[in-house]
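Colleague: Under my numbering, residues 8 to 396 are what the sequence shown spells out, in order. Yeah, the Cβ is synthetic: ideal placement off N, Cα and C, and Gly gets one too.
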Amino acid sequence: MKFKNLTHKILRPRPSAFISQQLDRFLGQIKPRPFFTDYIINAYNTNAKKRISKNSLTLSVLTDTHAKAVASASYYGLNGARHIVEANKACDDLPIDLNVHLGDMIDGSDKPEISRGLLEFAVENYQNSKHSFYVLEGNHDENDKYDEHRFISSASFNRDDYYQLVTKKVFDQPEISRLNSVSKIGWFDKGSVRVIFLNTSDIPYILNGNTKKYDFKKVRGVREQQLEDLITVLEKTVDKRMVVFGHANLISPSGRSALNFNGDLVQKVFTSFNNKESGLLKNELTGDFGVNLHYDFNDTGISQISNYICGHMHYEKYYKVGGINHIILNCSALMGKKHGLTTDYNKKWDRRYNEVSELAGYFIDIDPDKMLLQIFGYGSATRYVSFEI
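1) Enumerate, from N- to C-terminal direction, the unbroken beta strand (DSSP E) stretches of 3 or more residues contained entirely within the region 329-382.
2) May I ask which residues mark the beginning and end of the alpha helix (DSSP H) holding K176?
3) Going by beta carbon distance, what residues of the same chain come within less than 6 Å of A50, once the five residues before and after it are set aside?
4) Please confirm whether L234 has its beta-carbon closer than 7 Å to some beta-carbon of chain D.
5) Using a Cβ-Cβ cutoff of less than 8 Å, which residues in the same chain neighbour S364 once the five nearest sequence positions on both sides are dropped?
6) Roughly how many angstroms lie between the CA atoms of I396 and Q28, to the nearest whole one?
7) Over the uninterrupted alpha helix (DSSP H) stretch that includes H90, give me the two end residues.
8) Determine the closest residue to F252 out of L348, V273 and S310, with distance taken between C-alpha atoms.
9) Taking DSSP's pairing of strands, which residues face S285 in a bridge?
10) Do L341 and G318 come within 7 Å of each other at the CB atom, strictly closer than that value?
11) Kindly indicate which residue of L257, V276, H254 and S67 has the alpha-carbon position closest to the one of Q381.
12) Per DSSP, what are the beta-bridge partners of T65 in this structure?
13) What does V251 pair with, by DSSP beta-bridge criteria?
14) How many whole angstroms separate the CB atoms of Y82 and G343, which I take to be in contact at a CB cut-off of 8 Å?
15) Which value, in whole angstroms, describes the spacing of the CA atoms of A367 and H90?
16) Taking the C-alpha atoms as reference points, what is the distance between T293 and K61?
17) Go to N152, then tell me how far its alpha helix (DSSP H) extends in each direction, as first and last residue.
18) Ordered along the chain, which non-local residues of its own chain (more than five positions away) have a Cβ less than 8 Å from that of E242?
19) Identify whether L105 lies in helix, strand or coil by the three-state DSSP scheme.
20) Report the option in K137, E323, R227 and E131 whose CA atom is closest to the CA atom of D99.
21) What did DSSP end up calling N54 once you bin it into helix, strand or coil?
22) What three-state label does DSSP hand D196 in the structure shown?
23) Does the region 311-325 come into contact with the region 97-116, if we say contact requires no fewer than three beta-carbon pairs (one atom in each stretch) closer than 8 Å?
24) Using a Cβ-Cβ cut-off of 8 Å (strictly less than) and excluding sequence neighbours within five positions of P211, which residues of its own chain qualify?
25) For the beta strand (DSSP E) that S393 lies in, which residues bound it at each end?
26) Taking only the alpha-carbon atoms, compute the straight-line gap between K225 and K247 and give it to the nearest angstrom.
27) CB-CB under 8 Å to K11, same chain, minus the five flanking residues each way: which ones, in chain order?
28) For the beta strand (DSSP E) that Y141 lies in, which residues bound it at each end?
29) From L288, Y322, I103 and V200, pick the residue whose C-alpha is nearest to that of S310; which is it?
30) D104 and K197: beta carbons closer than 7 Å?
31) Have a look at Q232 and N206 and give me their C-alpha separation to the nearest angstrom.
32) Label R157 either buried or exposed according to how many other C-beta atoms from any shown protein chain fall within 10 Å of its C-beta, with 16 as the threshold for buried.
33) Is F10 helix, strand or coil by DSSP?
34) Can you say whether L13 is buried or exposed, counting buried as having 16 or more other CB atoms within 10 angstroms of its CB?
35) Is Y391 buried or exposed, if buried means 16 or more other CB atoms sit within 10 Å of its CB?
36) Ignore the nearest five residues each way along the sequence and tell me which others in N353's own chain have a CB closer than 6 Å to its CB.
Set out below in structure tokens:
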């Protein structure tokens, strides 16, 4: 597979000659390893193929690749971007409907020119694959980790950098739907199955002087406009089996919001939709995250939202709240056992560079005939788990 030189297309401002050489050197190392592409294909054929029917919608899902311009054998590095390349190449030979990335495609700790180059490289790889794709925004994808660690006096990403590099490319695909040119809610249909994509990093880009009012890395939330878009899509949905994807977990097992803003309101939308209710969605906040919306889900037929699937936490977990299964997937980035920031979950996998445990990815199948959502993991991921839809 050939990749174009990406260092002079969208990167703003134009990087120095040194940074361009550095980026070229890093990108030149991101090539698919045949052993790993063969392993992913075999994981599908061995575990998933016999359980998937022709009417189901099948996704290849990665999350939290945390691509970073270092060659690391124990923690985040170029292995995250390499996993994207390997998964997409493997899936070119498989009957996948959609390639999905749930966010934190980059670690957000590199110089802005390098982070933009890594984002562009990854998205172009999705574009060059044989299947449609959807990439969600994660809390690291605005490069705020670099801003925090370098103590710089201005934001390293411009307001529309991520949109131009990633989101616009997602919505340029005719297979991906949204309400209008600014809507942050996207969806993809196959038969009676609909998957909806929610941006849990829906944070306003507001500058206080030269720095951002909100640290995108630390703040997760959903604003009124996106909630309004979600309600509109759901009100127009009839007789669909639905699964919603996002980057971060919306609520805790106890039902409290796990986002800084409005995760509990998204959960209320889900349960109200399933109960065919009408009413008012409101919080007590004002300003950037205040919400005051009406909804009416009386005319949606047998439509149901059964599952919400996300990443962000760098482990696997399943819990049910208000009839909705909340499913957290493990990070695709390498987390070596001896690294101080590795989660306990990944320490148990004893993940190692150049072994299959380096990877963590999923095939997710939504079957309207069996009324079943099936998750087939490979690498450092649970091999099989299923949920009702």
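Modeller: So, to answer that:
1) 331-335 and 367-374
2) K175 to F178
3) These residues qualify, in order along the chain: Y385.
4) Absent from the structure: chain D. Only one protein chain is present.
5) W356, D357, R358, G386 and S387
6) 49 Å
7) Residues N86 to C98.
8) V273
9) D303
10) In this structure, the beta-carbon distance from G318 to L341 does not fall below 7 Å.
11) S67
12) Partner(s): D372.
13) I203 and Y315
14) 6 Å
15) For A367 and H90, the distance between alpha carbons rounds to 9 Å.
16) 48 Å
17) In the sequence on display, residue 152 carries Lys and not Asn. That run of the alpha helix (DSSP H) goes D151 to R157.
18) Y302, D303, F304, D306 and T307
19) strand
20) K137
21) helix
22) strand
23) Per the Cβ contact rule, the region 311-325 is in contact with the region 97-116 (3 or more Cβ pairs under 8 Å).
24) K220, Y221, R230 and D295
25) V392 to E395
26) If you draw a straight line from the Cα of K225 to the Cα of K247, it comes to about 35 Å.
27) Caution is warranted here: a pLDDT of 38 is assigned to K11, below 50, making its placement in the model unreliable, and the coordinate value is therefore given only provisionally. Taken in chain order, the residues that qualify are E131.
28) If you look at Y141, you'll find it in the beta strand (DSSP E) that goes S139 to V142.
29) V200
30) yes
31) Just so you know, the alpha carbons of Q232 and N206 end up roughly 11 Å apart.
32) exposed
33) Residue confidence is low: F10 scores 35 on pLDDT, short of 50, so the model does not pin down where it sits. No coordinate-derived value is stated.
34) Residue confidence is low: L13 scores 39 on pLDDT, short of 50, so the model does not pin down where it sits. No coordinate-derived value is stated.
35) exposed
36) M342
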